[in-house]
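Since the structure comes first, as C-alpha coordinates, the remarks are kept for the end.
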Amino acid sequence: MADIDSCSIRDFLEEKLKRYLKEMMKLETCNLYHTVLSEAERSLVAIVLQETGGNQLKAANTLGINRNTLRSKIKEYKIRM
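For the sequence shown, the residue numbers in the numbering used here are 123 to 203.
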(Lines of atoms letter the chains of each structure in order from A; the text may use other names.)
(Lines give C-alpha, C1' and ligand atoms only; values in the text may rest on other atoms or scores of the structure.)
Protein backbone atom coordinates (compact mmCIF):
# COMPACT_ATOMS: atom_id res chain seq x y z
CA MET A 123 0.00 0.00 0.00
CA ALA A 124 2.86 2.42 0.78
CA ASP A 125 4.27 1.95 -2.74
CA ILE A 126 0.93 2.91 -4.29
CA ASP A 127 0.72 6.02 -2.11
CA SER A 128 4.32 6.95 -2.89
CA CYS A 129 3.70 6.63 -6.62
CA SER A 130 0.55 8.73 -6.41
CA ILE A 131 2.34 11.45 -4.50
CA ARG A 132 5.34 11.30 -6.82
CA ASP A 133 3.14 11.54 -9.92
CA PHE A 134 1.18 14.44 -8.45
CA LEU A 135 4.33 16.34 -7.48
CA GLU A 136 6.02 15.74 -10.81
CA GLU A 137 3.01 17.07 -12.69
CA LYS A 138 2.75 20.19 -10.53
CA LEU A 139 6.50 20.83 -10.47
CA LYS A 140 6.78 20.59 -14.25
CA ARG A 141 4.17 23.32 -14.65
CA TYR A 142 5.77 25.44 -11.94
CA LEU A 143 9.24 24.98 -13.45
CA LYS A 144 8.05 26.11 -16.89
CA GLU A 145 6.81 29.36 -15.38
CA MET A 146 9.92 29.88 -13.28
CA MET A 147 12.22 29.26 -16.25
CA LYS A 148 10.55 32.19 -18.02
CA LEU A 149 11.50 34.43 -15.10
CA GLU A 150 15.05 33.07 -14.92
CA THR A 151 14.60 32.67 -11.19
CA CYS A 152 17.48 31.48 -9.08
CA ASN A 153 17.38 29.46 -5.89
CA LEU A 154 14.59 27.25 -7.25
CA TYR A 155 15.73 24.24 -5.23
CA HIS A 156 15.47 26.05 -1.90
CA THR A 157 12.19 27.73 -2.82
CA VAL A 158 10.44 24.51 -3.81
CA LEU A 159 11.69 22.50 -0.84
CA SER A 160 10.86 25.15 1.73
CA GLU A 161 7.36 25.73 0.32
CA ALA A 162 6.67 21.99 0.23
CA GLU A 163 7.92 21.60 3.80
CA ARG A 164 5.89 24.57 5.02
CA SER A 165 2.71 23.21 3.42
CA LEU A 166 3.28 19.71 4.78
CA VAL A 167 3.87 20.94 8.33
CA ALA A 168 0.85 23.25 8.23
CA ILE A 169 -1.46 20.55 6.87
CA VAL A 170 -0.35 17.94 9.40
CA LEU A 171 -0.78 20.43 12.24
CA GLN A 172 -4.26 21.24 10.99
CA GLU A 173 -5.17 17.55 10.68
CA THR A 174 -3.94 16.83 14.22
CA GLY A 175 -5.89 19.74 15.67
CA GLY A 176 -2.69 21.60 16.51
CA ASN A 177 -1.36 18.75 18.64
CA GLN A 178 2.37 19.23 18.18
CA LEU A 179 3.40 15.87 19.61
CA LYS A 180 1.00 14.00 17.34
CA ALA A 181 2.05 16.12 14.35
CA ALA A 182 5.74 15.52 15.06
CA ASN A 183 5.14 11.78 15.31
CA THR A 184 3.16 11.80 12.06
CA LEU A 185 5.95 13.70 10.32
CA GLY A 186 8.63 11.48 11.85
CA ILE A 187 10.49 14.41 13.41
CA ASN A 188 11.31 15.53 16.93
CA ARG A 189 8.83 17.88 18.59
CA ASN A 190 11.54 20.52 19.02
CA THR A 191 12.28 20.29 15.30
CA LEU A 192 8.59 20.78 14.61
CA ARG A 193 8.53 23.84 16.85
CA SER A 194 11.51 25.24 14.96
CA LYS A 195 9.68 24.70 11.66
CA ILE A 196 6.54 26.39 13.01
CA LYS A 197 8.64 29.39 14.02
CA GLU A 198 10.73 29.40 10.82
CA TYR A 199 7.69 29.32 8.55
CA LYS A 200 5.56 31.51 10.83
CA ILE A 201 2.77 28.94 10.86
CA ARG A 202 -0.28 30.11 12.74
CA MET A 203 -1.95 27.58 14.95
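The C-beta atom is built at its ideal place from N, Cα and C for all residues, glycine as well.
Do you know offhand how far residue i's Cα is from residue j's?
i: Glu163; j: Leu149; result: 23 Å
i: Thr67; j: Ala181; result: The structure shown does not extend to residue 67, since the chain spans only 123 to 203, so no value can be given for it.
i: Ile131; j: Lys140; result: 14 Å
i: Arg202; j: Ile196; result: 8 Å
i: Asn190; j: Gln178; result: 9 Å
i: Asp127; j: Lys138; result: 17 Å
i: Ser194; j: Gly175; result: 18 Å
So what does DSSP say about residue i, is it helix, strand or coil?
i: Ser130; result: helix
i: Glu145; result: helix
i: Tyr155; result: helix
i: Ile196; result: helix
i: Arg189; result: helix
i: Glu150; result: coil
i: Thr184; result: helix
i: Arg164; result: helix
Let me check understanding here. Comparing Cα to Cα, which of the options lies closest to residue i?
i: Glu161; options: Gln172, Tyr142, Thr174; result: Tyr142
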